[in-house]
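*Asks:*
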Amino acid sequence: MYENSIKRPDAAGGSVPEPESLRFWKNTRQEPLLTALVLAEQHRLQRPIEVLEVGAYDLSKGLLATVGELRFDLVLTVSALVHEPTERIPMLLEGLGQVLRPDGLLCLLENQLVPFPLKENAWNGGGWLHPYAELMPEGWDLHHGAGLLGTHDLYLLKRNGVGERRYFQFQGTETPRDERQPLTLDALRSRGLPRLRSWTEQAEQALRGTTGVNEARVAELSERLEVETERSRRRQRLLSLADELARVRAAEAPAVIRPSTSNRKEPHVPAAESVLLDSPFDTTWAHVEPRFARMMHVFHQEWFGIRAASGYAPGHKLAISADRQLTPEDMRRAVEACERLRTRAVVFQGFSPNARELMLMLRRVFGTALRLYCVWHGSTSQFHIPFELETFSKLLELRTEGLLDGVACVKPEMCLMSPVIYQQTLLNFPPRVEGARGLGKDAVRSAFIPTPNNWWKNFYSNVYVAVSSAKLDTVYVTSPFESNPQIPVRNRVVNVGHLRRPELFRLIGQAHVLLNVTLSECQPMTAVEGLAHGVACLTGPLSLGALDEHPYQKLVQVAGTGSLGQIRAAMEHVLELKERSPAELSQMMEDYSRTLRAEAINRYLEFTQL
Numbered sequence: 006m007y008e009n010s011i012k013r014p015d016a017a018g019g020s021v022p023e024p025e026s027l028r029f030w031k032n033t034r035q036e037p038l039l040t041a042l043v044l045a046e047q048h049r050l051q052r053p054i055e056v057l058e059v060g061a062y063d064l065s066k067g068l069l070a071t072v073g074e075l076r077f078d079l080v081l082t083v084s085a086l087v088h089e090p091t092e093r094i095p096m097l098l099e100g101l102g103q104v105l106r107p108d109g110l111l112c113l114l115e116n117q118l119v120p121f122p123l124k125e126n127a128w129n130g131g132g133w134l135h136p137y138a139e140l141m142p143e144g145w146d147l148h149h150g151a152g153l154l155g156t157h158d159l160y161l162l163k164r165n166g167v168g169e170r171r172y173f174q175f176q177g178t179e180t181p182r183d184e185r186q187p188l189t190l191d192a193l194r195s196r197g198l199p200r201l202r203s204w205t206e207q208a209e210q211a212l213r214g215t216t217g218v219n220e221a222r223v224a225e226l227s228e229r230l231e232v233e234t235e236r237s238r239r240r241q242r243l244l245s246l247a248d249e250l251a252r253v254r255a256a257e258a259p260a261v262i263r264p265s266t267s268n269r270k271e272p273h274v275p276a277a278e279s280v281l282l283d284s285p286f287d288t289t290w291a292h293v294e295p296r297f298a299r300m301m302h303v304f305h306q307e308w309f310g311i312r313a314a315s316g317y318a319p320g321h322k323l324a325i326s327a328d329r330q331l332t333p334e335d336m337r338r339a340v341e342a343c344e345r346l347r348t349r350a351v352v353f354q355g356f357s358p359n360a361r362e363l364m365l366m367l368r369r370v371f372g373t374a375l376r377l378y379c380v381w382h383g384s385t386s387q388f389h390i391p392f393e394l395e396t397f398s399k400l401l402e403l404r405t406e407g408l409l410d411g412v413a414c415v416k417p418e419m420c421l422m423s424p425v426i427y428q429q430t431l432l433n434f435p436p437r438v439e440g441a442r443g444l445g446k447d448a449v450r451s452a453f454i455p456t457p458n459n460w461w462k463n464f465y466s467n468v469y470v471a472v473s474s475a476k477l478d479t480v481y482v483t484s485p486f487e488s489n490p491q492i493p494v495r496n497r498v499v500n501v502g503h504l505r506r507p508e509l510f511r512l513i514g515q516a517h518v519l520l521n522v523t524l525s526e527c528q529p530m531t532a533v534e535g536l537a538h539g540v541a542c543l544t545g546p547l548s549l550g551a552l553d554e555h556p557y558q559k560l561v562q563v564a565g566t567g568s569l570g571q572i573r574a575a576m577e578h579v580l581e582l583k584e585r586s587p588a589e590l591s592q593m594m595e596d597y598s599r600t601l602r603a604e605a606i607n608r609y610l611e612f613t614q615l
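In short: position in the sequence shown from 1, add 5, done, that's our numbering.
This is the structure in structure tokens:
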């Protein structure tokens with residue numbers, strides 16, 4: 006531990022035999038590199054420095070116990086960590102850091118960079134190849150030098166004081182701390198691909214020449230080789246994603262389909278990012294189902310109704326922007342999320358130009374190993390809007406071409422439009438709301454009508470029925486309502502405007518009845534949100550097949566959506582049952598909720614083949 010020298014103490018204060026690794030670096034081009042590092046640090050500190058060279062012996066016997074309270078300016082290893090399994094590396098690096106002075110350098114002359122851990126069996130009984138960029142402590146910098154030492158790479162680590170990992174290109178022994186050329190983790194992973202390729206080639210050769218090895222072991226190694234090779238190819242495709250995206254956009258027609266303003270939007274959930282993975286807004290009210298653990302729902306941040314339907318379903322959630330064009334970095338984050346979560350099926354809830362580009366990128370990176378599906382949330386009654394008809398037609402084209410593995414709808418019998426559409430109707434989940442069972446009969450009597458004011462939502466029909474009822478005192482709406490002196494209004498109307506979801510749920514839970522009897526509907530979110538809170542919601546006919554025969558659906562579905570008399574009769578029936586036998590209504594809704602959730606799960610699993 007002296008100027009221009011490297012010595013190794015043992016626990017007794019004497020010396021231990023010079024390790025093979027030290028003899029190795031003295032007789033190769035590692036010697037001038039390490040000597041230059043020592044001289045550079047001495048020059049920086051303007052004093053002799055203390056250096057500790059650590060071998061496999063030190064790591065196995067306990068480094069801290071050996072050196073005691075001593076601290077060093079430079080700690081180095083040469084082919085020592087290759088003998089340690091990857092799960093021990095973070096702990097060992099932390100331990101090596103403890104024997105460094107605060108501004109010291111940890112120098113690793115170890116395996117060539119790899120993107121993930123690999124077991125090497127080609128020499129000296131085998132060893133581990135470690136991805137040091139992934140394993141280094143938080144709050145450290147890594148300066149990586151590749152191709153300097155033949156079969157070894159150089160990793161210089163130092164504390165940075167900013168609490169996060171940073172990566173730099175090693176600039177040379179004269180300026181080992183130079184930070185002028187930063188690197189990304191992606192760039193370092195790509196540097197590991199050549200070593201990964203050589204590993205796969207060696208493994209393949211070993212398999213071909215294997216004799217006397219049991220078939221199970223050969224099968225295991227073959228599977229590992231196939232998996233690692235595919236991961237290497239996938240990483241290469243991911244690194245070229247920006248170029249692929251540019252080619253896709255260059256090939257697109259000048260006229261790009263854009264969403265119309267008719268899509269219902271959520272005004273209170275602005276997103277600073279164009280890609281959000283498992284945001285609390287999209288997972289707080291989601292059901293948990295282990296069979297959906299490898300399913301990813303992709304939907305649009307701005308389309309409130311579809312986002313709610315997606316957010317209540319089990320599975321991972323990826324909220325992308327519909328209005329802002331996704332950048333290559335956005336695409337990379339989305340693709341890497343699917344890779345990290347080992348996703349098997351991606352379900353696009355709704356369709357947009359951004360969704361189409363993401364479909365293409367996922368297919369380019371994963372090939373057919375990842376299944377892609379899309380759920381259409383519209384109906385034929387919306388086809389007067391060019392965006393709706395054109396995007397639906399585009400979906401069928403993508404299904405026919407094979408980009409999509411399946412297309413399904415939440416509107417019944419849309420499969421009559423094309424044989425490529427999944428035959429069953431997918432069902433929306435109610436939100437997961439704990440302990441919400443509606444109000445007792447003594448609460449303030451109110452109706453809630455959370456619908457936009459347009460013709461197909463039948464807004465005024467619902468409001469006029471509610472404001473004329475003797476069983477209600479207050480009617481809450483989310484859209485402007487103007488009374489007319491010629492039309493009597495019995496009850497108070499309160500416009501609460503647009504609500505955040507917790508506020509919306511609170512108001513739903515306080516209501517005696519919800520009204521959503523629309524002229525054109527798929528599966529209204531208001532209805533399933535009311536179901537979760539134990540508050541009945543009137544709707545038009547939903548055509549849900551066998552579910553329509555459930556007593557609850559018979560109670561709330563109104564056949565004559567344009568008939569004020571039928572809407573009033575249905576509302577009065579619900580309110581009367583709530584007053585006379587609230588337990589009966591509650592049990593009816595709970596039973597329907599269980600039935601709905603079970604059937605929704607079964608249909609999604611069948612559709613996605615999970």
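Ideal Cβ positions, reconstructed from N, Cα and C, are used throughout, including at glycine.
Have a look at the DSSP bridge pairing and note the partners of D146.
*Replies:* Partner(s): K163, R171.
*Asks:* List the whole-angstrom C-beta distance separating Q558 from G545, where the pair is believed to meet the contact cut-off of C-beta under 8 angstroms.
*Replies:* 12 angstroms between Cβ atoms; not a contact.
*Asks:* Could you tell me which residues DSSP puts in a beta bridge with W290?
*Replies:* Answer by DSSP bridge pairing: none, since W290 is not bridged.
*Asks:* Within 10 angstroms of the Cβ of N500, are there 16 or more other Cβ atoms? Answer buried if so, exposed if not.
*Replies:* So N500 counts as exposed.
*Asks:* Between the C-alpha atoms of H88 and P319, what's the straight-line distance to the nearest angstrom?
*Replies:* For H88 and P319, the distance between alpha carbons rounds to 43 angstroms.
*Asks:* Which one or two residues does DSSP pair with S451 in a beta bridge?
*Replies:* Bridge partners of S451: T479.
*Asks:* Among L161, V59, N433, L134, which one has its Cα closest to the Cα of D108?
*Replies:* The shortest C-alpha separation from D108 is found at L161.
*Asks:* Excluding the 5 residues flanking V412 on each side, which residues of the same chain have their C-beta closer than 6 angstroms to its C-beta?
*Replies:* So the qualifying residues of the chain are C379, L400, R404, I426.
*Asks:* Assuming S451 contacts L477 under a Cβ cut-off of 8 angstroms, what Cβ separation, rounded to an integer in Å, is found between them?
*Replies:* The pair is a contact, with the Cβ atoms about 6 angstroms apart (cut-off 8 angstroms).
*Asks:* Hey, quick one: how far does the beta strand (DSSP E) through C112 stretch, first residue to last?
*Replies:* Segment 105 to 116, the beta strand (DSSP E) holding C112.
*Asks:* Could you give the DSSP three-state label for G383: helix, strand or coil?
*Replies:* Three-state result, G383: coil.
*Asks:* Output the distance between the C-alpha atoms of A339 and Q354, rounded to the nearest integer angstrom.
*Replies:* Taking the straight line from one Cα to the other gives about 15 angstroms.
*Asks:* Alpha carbons only, please: which of A314, H578, S586, E604 is nearest the one belonging to L560?
*Replies:* Looking at the Cα atoms, H578 is the closest of the given residues.
*Asks:* What is the rounded straight-line gap between the Cα of E362 and the Cα of A251?
*Replies:* E362 and A251: Cα-Cα distance of roughly 10 angstroms.
*Asks:* By the three-class DSSP mapping on this structure, what secondary structure does D553 have?
*Replies:* Looking at D553 - three-state DSSP - the assignment turns out to be helix.
*Asks:* Under three-state DSSP, which class holds D410?
*Replies:* Coil, per DSSP.
*Asks:* So, E249 versus R369, is the Cβ gap smaller than 7 angstroms?
*Replies:* Yes.
*Asks:* Please return the same chain residues whose Cβ sits closer than 6 angstroms to the Cβ of C420, not counting the five positions on each side in sequence.
*Replies:* The residues are I426, Q428.
*Asks:* Leaving aside the five residues before and after Q528 along the sequence, list all residues of the same chain whose C-beta is less than 6 angstroms from its C-beta, in chain order.
*Replies:* So the list reads V415, N433, once near-sequence residues are dropped.
*Asks:* So for N684, helix, strand or coil by DSSP?
*Replies:* Because the chain here runs from 6 to 615, residue 684 falls outside it and cannot be looked at.
*Asks:* Candidates Q174, L118, G197: which alpha carbon is nearest L188's?
*Replies:* Among Q174, L118, G197, the Cα nearest to that of L188 is on Q174.
*Asks:* Roughly how many whole angstroms lie between the Cα atoms of S466 and T456?
*Replies:* Going from the Cα of S466 to the Cα of T456 covers about 12 angstroms.
*Asks:* Taking P136 as the reference, which of M96, P120, S386 has the closest Cα?
*Replies:* Residue P120 is the option with its Cα nearest to P136.
*Asks:* Can we say the segment 531 to 547 touches the segment 319 to 334, given the rule of at least three CB pairs closer than 8 angstroms?
*Replies:* No, the segment 531 to 547 is not in contact with the segment 319 to 334.
*Asks:* With distances taken between CB atoms, is the gap from W461 to S548 smaller than 7 angstroms?
*Replies:* Not in contact: W461 and S548 (Cβ atoms no closer than 7 angstroms).
*Asks:* Please specify which runs of the beta strand (DSSP E), each continuous and at least 3 residues long, are wholly inside the segment 314 to 374, giving them in chain order.
*Replies:* Within the segment 314 to 374, the complete beta strand (DSSP E) runs of at least 3 residues are 321 to 325, 350 to 354.
*Asks:* So what's W461 in DSSP terms, helix, strand or just coil?
*Replies:* If DSSP states are grouped into helix, strand and coil, W461 belongs with coil.
*Asks:* Quick check: V80 and L50, are their CB atoms within less than 7 angstroms of each other?
*Replies:* Contact flag unset, no.
*Asks:* What residues match up with W133 in a beta bridge as DSSP calls it?
*Replies:* W133 is bridged to K124.
*Asks:* Using three-state DSSP, classify P187 as helix, strand or coil.
*Replies:* In the structure shown, P187 sits in a strand (DSSP, three-state: E or B).
*Asks:* Go through the segment 531 to 609 residue by residue and report every complete run of the alpha helix (DSSP H) that reaches 4 residues or more, in order.
*Replies:* Here the runs fully enclosed are 556 to 561, 569 to 585.
*Asks:* How close, in whole Å, do the beta carbons of M576 and V518 come, if the pair is a contact with beta carbons under 8 angstroms?
*Replies:* Contact flag correct, Cβ pair sits at about 6 angstroms.
*Asks:* Tell me which residues share the same chain as P95 and place their Cβ nearer than 6 angstroms to its Cβ, disregarding the 5 neighbours each side in the sequence.
*Replies:* These residues qualify, in order along the chain: L140.
*Asks:* Could you tell me which residues DSSP pairs with N500 in its beta bridges?
*Replies:* The partner list for N500 (beta bridge, DSSP) reads V482.
*Asks:* Leaving out five residues on either side along the sequence, give the residues of the same chain with a beta carbon under 7 angstroms from the beta carbon of A374.
*Replies:* Result list for A374: empty, nothing under 7 angstroms.
*Asks:* Kindly indicate if chain D contains any beta-carbon less than 7 angstroms away from that of T600.
*Replies:* Absent here is chain D; the protein component of the structure consists of one chain.
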